[in-house]
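Asks: Before I ask anything, let me first share the structure, which is written out below as structure tokens.
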Amino acid sequence: MKYIFEFEQEKAIEIGLDMEDLLILKWIKMFTTEMKSIEMDGNIYYWIKYEKLLNDLPILRFKSKKSLFRKFDGLVQKGILIHQTVRVGGTYSYYGFGENYSKLLSEEKEPEESEKELADNFEKIWNKYPRKEGKNTAFKHYKNWLKGKKYAGKTVKLENKQMWFAVAIYAHKVKTEQTEKQFIKMGSTFFNEAIMEYVEMYNKQPEYWEKSYL
68 MKYIFEFEQE
78 KAIEIGLDME
88 DLLILKWIKM
98 FTTEMKSIEM
108 DGNIYYWIKY
118 EKLLNDLPIL
128 RFKSKKSLFR
138 KFDGLVQKGI
148 LIHQTVRVGG
158 TYSYYGFGEN
168 YSKLLSEEKE
178 PEESEKELAD
188 NFEKIWNKYP
198 RKEGKNTAFK
208 HYKNWLKGKK
218 YAGKTVKLEN
228 KQMWFAVAIY
238 AHKVKTEQTE
248 KQFIKMGSTF
258 FNEAIMEYVE
268 MYNKQPEYWE
278 KSYL
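All the letters of the sequence shown, read from the start, carry residue numbers 68 to 281 under the numbering used here.
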């Protein structure tokens with residue numbers, strides 16, 4: 068068997084990883100969409116709750132958060148993860164994927180989300196949108212952002228989470244300012260390029276917006 072989870076065993080051995088490392092990486096990959104995230108220096112970092120990981124993976128048999136931290140530190144030293152300590156209302160450990168992480172991945176393409184899954188995820192975002200017009204075109208733009216869409220001369224990929232918060236921020240602005248319907252952007256317009264203004268607002272203060280809207 069060449070791969071464990073989606074990680075190539077030979078590369079893992081070459082880098083010096085063990086099964087505990089691979090299980091931790093798989094856990095991170097599975098839950099990134101549920102984690103608080105922050106963008107720093109062009110990288111996305113995720114807040115790792117050590118307590119949740121220990122509860123989810125008792126098979127690791129770590130007796131303390133300190134032991135788990137040492138494991139994470141080893142992954143950082145090996146270039147698999149990158150780390151930032153964020154001090155806002157407390158002290159939090161955020162991790163992103165380092166340059167060696169991609170070396171572990173299978174060259175086989177992961178299956179793309181089905182049209183139904185995409186539609187279901189979009190529907191959750193659309194339910195918050197304040198003007199229910201232009202839905203079909205908005206959905207096309209939504210899918211393009213997930214794959215990578217041209218904006219300001221470069222290709223930009225957006226995550227589902229970023230678009231959800233962008234819509235939440237815009238909807239709150241419309242409600243607060245009591246914007247009349249004719250001045251609210253149609254969905255087809257907002258999801259084309261206007262969404263980026265609010266994505267950038269979210270990216271600058273993700274913790275603030277998540278605290279406000281989650």
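Ideal Cβ positions, reconstructed from N, Cα and C, are used throughout, including at glycine.
Every value quoted in this text rests on a predicted model; they were computed, and no experiment measured them.
1. Enumerated in chain order, which unbroken segments of the alpha helix (DSSP H) with a length of 4 residues or greater are wholly contained in the region 226-277?
2. Roughly how many whole angstroms lie between the Cα atoms of aspartate 85 and tyrosine 113?
3. In angstroms with no decimal places, state the Cα-to-Cα distance between lysine 278 and asparagine 194.
4. Based on Cα-Cα distance, which residue from Tyr275, Met230, Thr243 lies nearest to glutamate 264?
5. For alanine 233 and lysine 199, I'd like the C-alpha separation in whole angstroms.
6. What does the alpha-carbon distance come out to for the pair lysine 132 and tyrosine 269?
7. Which full runs of the alpha helix (DSSP H) of 4+ residues lie inside the region 72-103, going along the chain?
8. Got a sec? Which residues, its chain only, sit under 8 angstroms from aspartate 88 by beta carbon, not counting five neighbours each side?
9. Have a look at Leu172, Gln151, Phe164, Ala261 and flag the residue whose alpha-carbon is nearest the alpha-carbon of tyrosine 237.
10. Tell me the residue span of the beta strand (DSSP E) that contains asparagine 110.
11. Identify every residue that forms a DSSP beta bridge with histidine 208.
12. From glutamate 182 to serine 134, what distance separates their C-alpha atoms?
13. If I measure Cβ to Cβ from tyrosine 159 and keep anything under 6 angstroms in the same chain, skipping five residues before and after, which residues do I get?
14. What is the DSSP secondary structure of lysine 130, counted as helix, strand or coil?
15. Which whole-angstrom value is the C-beta distance of glycine 163 and isoleucine 111, which I expect to be below 8 angstroms?
16. Just mark proline 125 as buried or exposed, buried being the case when its beta carbon has 16 or more other beta carbons within 10 Å.
17. Does the beta-carbon of valine 266 have 16 or more other beta-carbons within 10 angstroms, so that it is buried, or is it exposed?
18. Measuring straight from C-alpha to C-alpha, what distance separates lysine 210 and leucine 92?
19. What is the C-beta distance between threonine 99 and asparagine 227, in whole angstroms, given that I count them as a contact (C-beta under 8 angstroms)?
20. Taking the straight line between their C-alpha atoms, what separation do you get for threonine 204 and glycine 254?
21. Over what stretch of residues does the alpha helix (DSSP H) that includes lysine 119 continue unbroken?
22. Label phenylalanine 250 either buried or exposed according to how many other C-beta atoms from any shown protein chain fall within 10 Å of its C-beta, with 16 as the threshold for buried.
23. Among the candidates Gln151, Tyr161, Gly83, whose CA atom is the shortest distance from the CA of isoleucine 95?
Replies: To lay it out plainly:
1. 227-243, 262-271
2. Numbered from 1 along the sequence shown, position 18 holds the residue referred to as residue 85. Numbered from 1 along the sequence shown, position 46 holds the residue referred to as residue 113. So the alpha carbons of these two residues sit roughly 22 angstroms apart.
3. Position 211 of the sequence shown holds residue 278. Position 127 of the sequence shown holds residue 194. When rounded, the distance between both Cα atoms is 20 angstroms.
4. Taking the sequence shown and counting its residues from 1, the one referred to as residue 264 is at position 197. Nearest of Tyr275, Met230, Thr243 to glutamate 264, Cα basis: Met230.
5. The residue you call residue 233 lines up with position 166 of the sequence shown. The residue you call residue 199 lines up with position 132 of the sequence shown. Answer to the nearest angstrom: the Cα atoms are 16 angstroms apart.
6. Along the sequence shown, one-based indexing puts residue 132 at 65. Along the sequence shown, one-based indexing puts residue 269 at 202. So the two alpha carbons sit approximately 30 angstroms from each other.
7. 76-82, 86-98
8. Start at 1 with the first residue of the sequence shown, and residue 88 comes out as number 21. So the qualifying residues of the chain are Ala79, Lys138, Gly141, Leu142, Ile147.
9. For the purposes of this step, residue 237 is taken as the residue at position 170 of the sequence shown. The residue with the shortest Cα to Cα distance from tyrosine 237 is Ala261.
10. Taking the first residue of the sequence shown as position 1, residue 110 is located at position 43. 110-114 is the span of the beta strand (DSSP E), which, as asked, contains asparagine 110.
11. If you number the sequence shown from 1, residue 208 lands on position 141. Answer by DSSP bridge pairing: none, since histidine 208 is not bridged.
12. The residue you call residue 182 lines up with position 115 of the sequence shown. The residue you call residue 134 lines up with position 67 of the sequence shown. Each residue's Cα considered, the two are about 42 angstroms apart.
13. The residue labelled residue 159 in the question sits at position 92 within the sequence shown. Closer than 6 angstroms at the Cβ level, and outside the excluded window around tyrosine 159, lie Trp114, Val153.
14. As a working note, residue 130 is residue 63 in the sequence shown. Coil at lysine 130, not helix or strand.
15. As a working note, residue 163 is residue 96 in the sequence shown. As a working note, residue 111 is residue 44 in the sequence shown. Confirmed, Cβ separation roughly 6 angstroms.
16. Here residue 125 is taken as the residue at index 58 of the sequence shown, counted from 1. Result: exposed.
17. As a first step, residue 266 is located in the sequence shown; it is residue number 199 there, counting from the start. Classification for valine 266: buried.
18. Along the sequence shown, one-based indexing puts residue 210 at 143. Along the sequence shown, one-based indexing puts residue 92 at 25. Going from the Cα of lysine 210 to the Cα of leucine 92 covers about 27 angstroms.
19. To locate residue 99, count along the sequence shown from 1; it is residue 32. To locate residue 227, count along the sequence shown from 1; it is residue 160. In fact, because the Cβ distance is near 11 angstroms, the residues do not count as touching under 8 angstroms.
20. Along the sequence shown, read from residue 1 onward, the residue named residue 204 stands at position 137. Along the sequence shown, read from residue 1 onward, the residue named residue 254 stands at position 187. In a straight line, the C-alpha of threonine 204 is about 8 angstroms away from that of glycine 254.
21. Within the sequence shown, the letter at position 52 stands for residue 119. That run of the alpha helix (DSSP H) goes 117-123.
22. On the sequence shown, position 183 is the one that residue 250 refers to. Result: exposed.
23. Taking the first residue of the sequence shown as 1, we reach residue 95 at position 28. Residue Tyr161 is the option with its Cα nearest to isoleucine 95.
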